[in-house]
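Heads up, the thing below is written out as structure tokens.
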Amino acid sequence: MMVFTPLTSAEIAQIKATLGHLPISGSAWPKWVKGAAIVMLVLIVVQYVLTVDRVGIDQLKNLGGITMLVVFIALVVMTYFMSISTTTISEQGIKQSWITKREVSWEEVTFAKFVPMLASKRLMVFVKKGRPVIFQGADQELQVAFAHISLQFKQRQL
312 MMVFTPLTSA EIAQIKATLG HLPISGSAWP KWVKGAAIVM LVLIVVQYVL
362 TVDRVGIDQL KNLGGITMLV VFIALVVMTY FMSISTTTIS EQGIKQSWIT
412 KREVSWEEVT FAKFVPMLAS KRLMVFVKKG RPVIFQGADQ ELQVAFAHIS
462 LQFKQRQL
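Read left to right, the sequence shown gives residues 312 to 469 (my numbering).
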């Protein structure tokens with residue numbers, strides 16, 4: 312049974328003891344995912360250049376061309392943040408560098424679930440207020456820590 316109540320100080324200490332030496336930090340996304348994102352950007356640029364060469368730049372000075380430019384800029388921003396994003400588990404909680412704030416203190420955590428997906432291993436953290444926060448972890452040390460945190464909540468009894 313899932314229990315969505317805040318952690319006690321004893322439970323926080325138990326999680327920290329289970330994790331061992333803190334902080335644990337690593338890349339949020341695997342190298343192959345970062346590489347695939349960059350390859351996709353390059354393919355989009357090549358396709359855009361070929362399209363401009365074929366139809367001319369004047370044909371793209373409309374709403375469709377502007378939309379393509381805005382979407383491309385958004386993809387560049389997402390790819391940049393994917394490539395530099397790191398996840399850190401510390402004495403204070405869990406945080407991930409990203410476009411928006413992704414940081415949760417241990418006192419805010421009510422439940423955590425490890426979700427091992429193909430592209431990235433994720434820790435879904437439920438907090439007192441608001442939506443769950445999802446942290447990605449590419450490094451094995453982070454993934455093991457995610458599994459330990461999730462297991463602590465699975466074994467939790469109130």
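For every residue, glycine included, the Cβ atom is placed at its ideal position computed from N, Cα and C.
Beta carbon of residue 318 nearer than 7 Å to that of residue 420: Working through the sequence shown from its first residue, we reach residue 318 at position 7. Working through the sequence shown from its first residue, we reach residue 420 at position 109. Against a cut-off of 7 Å, the Cβ pair of residue 420 and residue 318 comes out as a contact.
Cβ shell of residue 432 (< 8 Å), same chain only, five flanking positions each side left out: For this step, residue 432 is matched to residue 121 along the sequence shown. Closer than 8 Å at Cβ, skipping near neighbours: 425, 426, 447, 448, 449, 453, 454 and 457.
Helix, strand or coil at residue 453 according to DSSP, with G and I counted as helix: Translated into the one-based positions of the sequence shown, residue 453 becomes position 142. It is helical.
First through last residue of the beta strand (DSSP E) which encompasses residue 322: Numbered from 1 along the sequence shown, position 11 holds the residue referred to as residue 322. Here residue 322 belongs to no beta strand (DSSP E); instead the alpha helix (DSSP H) covers 320-330.
Residues that residue 434 bridges to, as DSSP identifies them: Position 123 of the sequence shown, counted from the first residue, corresponds to residue 434. Note: residue 434 is bridge-paired with 425 and 446 in the DSSP secondary-structure output.
Unbroken alpha helix (DSSP H) run spanning residue 368, endpoints: The sequence position of residue 368 within the sequence shown is 57, counting from 1. Looking at the DSSP string, residue 368 is not in any alpha helix (DSSP H), and its letter there is neither H nor E.
Assigned exposure category for residue 329 - 16 Cβ within 10 Å defines buried: Position 18 of the sequence shown, counting from 1, holds the residue named residue 329. Result: exposed.
Residues bridged to residue 414 (per DSSP): Counting from 1 along the sequence shown, the entry for residue 414 is found at position 103. Under DSSP, residue 414 forms a beta bridge with 406.
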